[in-house]
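Protein sequences, first through last, are from chains R and U.
Going by the working numbering, the first sequence opens with residue 1, and the numbers climb by one from there.
Going by the working numbering, the second sequence opens with residue 439, and the numbers climb by one from there.
Even glycine gets a Cβ: it sits at the ideal position worked out from N, Cα and C.
2 protein chains.
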Amino acid sequence: MTDASPAVGSGLSTAEIIAVGSELLTPFRIDTNSLFLTARLNDVGIVVRRKSIVGDSPTDLATAIGEALARVDMLVVCGGLGPTDDDLTRETVAEVLGLPLREDPRILEWLSGRFSARGWTMPENNRRQAQVPDGAVVLENPRGTAPGLWIEAAGRIVVLLPGPPRELEPMFAELAAGRLAARSSTKRLYRRVLRVAGRGESHVEELTQPVYEPWQRARHVIETTILASPGAVELHLSTRVDTASAAQTVLDGATAELAAVLGEHLVSTDGRTLADVVGTLLLQHGYRVAIGESCTGGLVTAALVDSPGSSKYLDQGIVAYSNDAKRTALGVEAAVLAEHGAVSEPVAEAMAAGARRAVGADVGVGVTGIAGPGGGTADKPVGTVCFAVVAPEGRRIVRTVLLPGDRAMIRQMATRTALDLLRRALERPPRHASVRSE
Amino acid sequence: MTDASPAVGSGLSTAEIIAVGSELLTPFRIDTNSLFLTARLNDVGIVVRRKSIVGDSPTDLATAIGEALARVDMLVVCGGLGPTDDDLTRETVAEVLGLPLREDPRILEWLSGRFSARGWTMPENNRRQAQVPDGAVVLENPRGTAPGLWIEAAGRIVVLLPGPPRELEPMFAELAAGRLAARSSTKRLYRRVLRVAGRGESHVEELTQPVYEPWQRARHVIETTILASPGAVELHLSTRVDTASAAQTVLDGATAELAAVLGEHLVSTDGRTLADVVGTLLLQHGYRVAIGESCTGGLVTAALVDSPGSSKYLDQGIVAYSNDAKRTALGVEAAVLAEHGAVSEPVAEAMAAGARRAVGADVGVGVTGIAGPGGGTADKPVGTVCFAVVAPEGRRIVRTVLLPGDRAMIRQMATRTALDLLRRALERPPRHASVRSE
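Structure, rendered in structure tokens:
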């Protein structure tokens, strides 16, 4: 992900998104379509002013549509285009805009064909999906029965999209690249993402705030957003300029300034994930890696396998959950376990070395810790996790950290920490590579 | 999770939720607080009519608040209570409601104390957090600097909550159990969740729709919602009655009817996850389990380790990603690999047997497949995954499935399928336990 994407200007500049569906007003479902839609709208320079979620009530939907059209240039309504009685978006939008509905014979033919291709007769209620407000442009839906609609009325644009993401996303991506881009000004929004590991959100803010704060007053303003999830922080930079090459210059300069203060905490500036970066480093060194993990229970190996092509550097992972397994599968000596305890740096190191030996790999990673809720002691509270990375040329990191949160969060942060220490061991020049318990 | 929870009646019955923050209008952040809030509101019988997300603009926020107050009894506003210039919720709400702001000396004292306890002086801008609209009740926030506020004005209730979930959740849980429950009627909302595996959403609907459809017209109406994620389906039942024992009777009857049509696809009716159910079965049988997995890369083992206490039945998992690893770590014979290919039922079965043997466990599970994006053939397209479960008393399942979606989805569905086949093998009476390629 380098710089891409455009921002409207002449006509469209603001939008609202309405997600329709009573299930989105329960504790169990959330609207995630708006994230995709916002990204594509921002690409063509359209800013989202508000997002609303309403149930399958024509009154509530009509109110929401009317309010939104009074505020913005463009309205995107998702969901409620299905064939059943509670799918009311088409009818409600037509009524609010004062447009009569007519049956589109091409949609009807296409729908019937879809059913007859499977040897079925089209149910009568699917006929509703062929209803189109007068003057609307039909957006084809190869992945479902609900066509989308593009309506221009009263100086506004209203787009109706089916709710399922796999139907909505390709439909809107095509629309954004086509009709929407055609309405956009020359200024577009360009983005860059910096991934950071090994430092929390507030620490990253402390380091970077003096760098990015002046950008607010620069000739080309750069917006900076810091986003955190357990064990990872992202810095999102965006700027609104005329050309991709201008964006490149502005964002390259900004990235270099941030890289200088982030140092080895910076994972990537090109959108690659931590696992991708580790994979690239392993390939560059020509190393194969083996994982011996306990409290993470397979998540470290699974994170590496996430990257397609990981078979080039990963043969095998060993989840050694019990002490027995640590001895038999990873060759950790009983005396080391007895003297230091299963959660200790010597055991982590023996697990890394044992995994490397068992698999015949170049690099070994060991992770052992207390994910809770039980098992903590005064000395080693829940969240204590020991890591070891052993690699050729004397590259070696052994470290103990105390991670916050519940069992799931500790395991997730431990997984990220293991990958990050592996990255650091492989990035450092060999002479700096031996670090014990920093 | 059995039946819990209450529903308002006399006074409060409808609510809207507004999430405030410009970051929630980017492609990178989503409002998830509303799920928690909706669950607690539903518990006390309050239905959520609309959710809105607005940026840090006092004009936009004032509009949204005004619109909401015209529609519902109660408004919950989350976020924008921080100390910085873009935190404008307090001031905007006070202005819309026409309430003057006053500085609360107790909040100020508590805030200063919080800082001085760490040896710091309170920054001047935190003083804003002591501003309280006239007549508001202050909701303490032990986990952050932003107190919540409960305001009764113009016949409506407005609750302001801090944005971070770890601050918002305990604050609102206390409020729901206290002030909100006190305003509620005797009728409460009771819920039950049925988890289903091995059948897709539409198939589950087909099976259960004839059962639940008449409940809409019953004396005690039961609402049914079907929720699907890759490899899992949930049926949520809810009913609004006067007492917990009435709810128990109604929901027990409904659950029994659904169980009859779902058969062995029903995983649990008490909120336990698939991994929890598998763990319980392993404990009941007194079995220990070993996993030999390839395309899932550690996710099957990690899913079992998710359940606290899994050390009682899980020693070790082996991720054998390469053919070499399948031979050396799991003892799969080279001839079997050569004859059938790595993704085949004989190899899955050899992996299960090999994992069981290597670890000295009672039960072995083997998973091998093609997660993509590369590696598919005409015979074995991307998504082909072979599973084997071998267990005592002749319990044995060997199966091949073709899973849809991308690499991440295939791996997730394969993980759920492996756990579900393990569940079925352990649930079946031994005489039915040998099933090959159903």
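Only counting the same chain, and skipping five residues up and downstream in sequence, which positions put a Cβ closer than 6 Å to that of residue 51 of chain R? If we look at residue 51 of chain R and ignore the five residues flanking it on each side, its Cβ neighbours are 17, 34.
Whole angstroms is fine: what's the gap from residue 507 of chain U's alpha carbon to residue 635 of chain U's? The alpha-carbon atoms of residue 507 of chain U and residue 635 of chain U are separated by roughly 43 Å.
Spatial neighbours of residue 577 of chain U in its chain, beta-carbon cut-off 7 Å, leaving aside the 5 residues before and after: Hits under 7 Å: 585, 586, 587, 588, 609, 613.
Counting along the chain, where does the beta strand (DSSP E) carrying residue 571 of chain U start and finish? For residue 571 of chain U, the uninterrupted beta strand (DSSP E) run begins and ends at 569 to 571, by DSSP.
Where does residue 380 of chain R fall in DSSP's three states? Residue state for residue 380 of chain R is assigned as coil, using DSSP reduced to three classes.
Kindly say whether residue 32 of chain R, judged by its beta-carbon, lies nearer than 9 Å to any beta-carbon of chain U. Using a Cβ-Cβ cut-off of 9 Å, residue 32 of chain R counts as an interface residue toward chain U, since at least one Cβ of chain U sits closer than that to its own.
Tell me the DSSP secondary structure of residue 237 of chain R in three-state form. In the displayed model, residue 237 of chain R falls within a strand according to three-state DSSP.
Under 9 Å (Cβ pairs) to chain R, residues found in the region 499 to 521 of chain U: Interface annotation for the region 499 to 521 of chain U against chain R: 501, 502, 505, 509, criterion Cβ-Cβ distance under 9 Å.
Host alpha helix (DSSP H) of residue 862 of chain U (start-end): In the DSSP annotation of this structure, the continuous segment of the alpha helix (DSSP H) that includes residue 862 of chain U starts and ends at 845 to 865.
If the cut-off is 8 Å on Cβ atoms, which residues from the region 749 to 765 of chain U count as contacting chain R, listed in chain order? Along the region 749 to 765 of chain U, the positions whose C-beta sits under 8 Å from a C-beta of chain R are 749, 752, 753, 754, 755, 756, 757, 758, 759, 760, 762, 763, read in chain order.
Cβ of residue 579 of chain U less than 9 Å from any chain R Cβ? Nearest CB-CB separation between residue 579 of chain U and chain R: not below the 9 Å threshold.
Quick one: is residue 816 of chain U buried, meaning 16 or more other Cβ sit within 10 Å of its Cβ, or exposed? Around the C-beta of residue 816 of chain U, fewer than 16 other C-beta atoms lie within 10 Å, and the residue is accordingly described as exposed.
Proximity to residue 191 of chain R [Cα-Cα], best of R:44, R:61, R:98, R:160: The shortest C-alpha separation from residue 191 of chain R is found at R:44.
Taking all protein chains shown into account, decide if residue 444 of chain U is buried (16 or more other Cβ within 10 angstroms of its Cβ) or exposed. Summary for residue 444 of chain U: the model assigns pLDDT 34, below 50, so the residue's position carries little reliability, and this model does not support an answer.
Along the alpha helix (DSSP H) that carries residue 481 of chain U, what are the first and last residues, could you check? DSSP places residue 481 of chain U in the uninterrupted alpha helix (DSSP H) bounded by 471 to 481.
Selection from U:729, U:581, U:771 that minimises the alpha carbon distance to residue 757 of chain U: Among U:729, U:581, U:771, the Cα nearest to that of residue 757 of chain U is on U:729.
Just tell me which of U:572, U:551, U:531, U:556 has its CA closest to the CA of residue 541 of chain U. Here the closest residue by C-alpha is U:572.
So residue 767 of chain U contacts chain R; which residues on that side make the cut at Cβ distance below 7 Å? What residue 767 of chain U touches in chain R: 316.
Distance between residue 351 of chain R and residue 141 of chain R (C-alpha atoms, nearest Å): Straight-line Cα distance between these residues: approximately 52 Å.
At a CB distance below 7 Å, what residues from the region 215 to 245 of chain R approach chain U? Give them in sequence order. So the list reads 225, 227, 236, given in the order they occur along the chain.
Which residues of chain U have a Cβ atom closer than 9 Å to the Cβ of residue 374 of chain R, listed in chain order? Below the 9 Å Cβ cutoff, chain U contributes 746, 747 as neighbours of residue 374 of chain R, in chain order.
Quick one: grab the DSSP three-state call for residue 51 of chain R. Looking at residue 51 of chain R - three-state DSSP - the assignment turns out to be strand.
Neighbourhood of residue 131 of chain R by C-beta distance below 7 Å, restricted to the same chain and skipping five residues each side: For residue 131 of chain R, where only same-chain residues beyond five positions count, the Cβ hits under 7 Å are 90, 101, 103.
What are the boundary residues of the beta strand (DSSP E) that includes residue 754 of chain U? It spans 752 to 758 - the beta strand (DSSP E) in which residue 754 of chain U sits, taken as one unbroken run.
With 9 Å as the threshold, decide whether the Cβ of residue 370 of chain R is near any Cβ in chain U. The beta carbon of residue 370 of chain R does not come within 9 Å of any beta carbon belonging to chain U, so the residue lies off that interface.
Pull out every residue of the region 35 to 52 of chain R whose Cβ sits closer than 7 Å to any Cβ of chain U, in chain order. Of all residues in the region 35 to 52 of chain R, 35, 38, 39, 42, 48, 49, 50, 51, 52 have a Cβ within less than 7 Å of some Cβ in chain U.
Measuring only the C-alpha atoms, how far is residue 391 of chain R from residue 709 of chain U? The C-alpha of residue 391 of chain R lies about 45 Å from the C-alpha of residue 709 of chain U.
Taking the alpha-carbon positions, what's the residue 301 of chain R to residue 317 of chain R distance? The alpha-carbon atoms of residue 301 of chain R and residue 317 of chain R are separated by roughly 6 Å.
Starting from residue 877 of chain U, follow its DSSP beta bridges and name the residues at the other end. Look at the range of chain U in this structure, 439 to 876, and you will see that residue 877 of chain U is not part of it.
Taking DSSP's pairing of strands, which residues face residue 533 of chain U in a bridge? In DSSP, residue 533 of chain U forms no bridge with anything.
Rank R:357, R:374, R:349, R:359 by C-alpha distance to the C-alpha of residue 470 of chain R and give the top, closest one. Since the displayed chain R opens at 1 and closes at 438, residue 470 of chain R lies outside it and no answer follows.
Going by the beta-carbon positions, is the gap between residue 46 of chain R and residue 15 of chain R smaller than 9 Å? A contact, by the Cβ cut-off of 9 Å.
The region 709 to 724 of chain U contacting the region 860 to 867 of chain U, beta-carbon criterion three pairs below 8 Å: The answer is yes - the region 860 to 867 of chain U touches the region 709 to 724 of chain U, with three or more Cβ pairs under 8 Å.
Okay, do the region 511 to 522 of chain U and the region 642 to 660 of chain U touch, 3+ Cβ pairs below 8 Å being the bar? Because the criterion of three Cβ pairs below 8 Å is not met, the region 511 to 522 of chain U and the region 642 to 660 of chain U do not touch.
How would you call residue 603 of chain U, buried or exposed, if buried means at least 16 neighbouring beta carbons within 10 angstroms? Exposed.
For residue 347 of chain R and residue 386 of chain R, believed in contact at Cβ under 8 Å, the rounded distance: Confirmed, about 7 Å.
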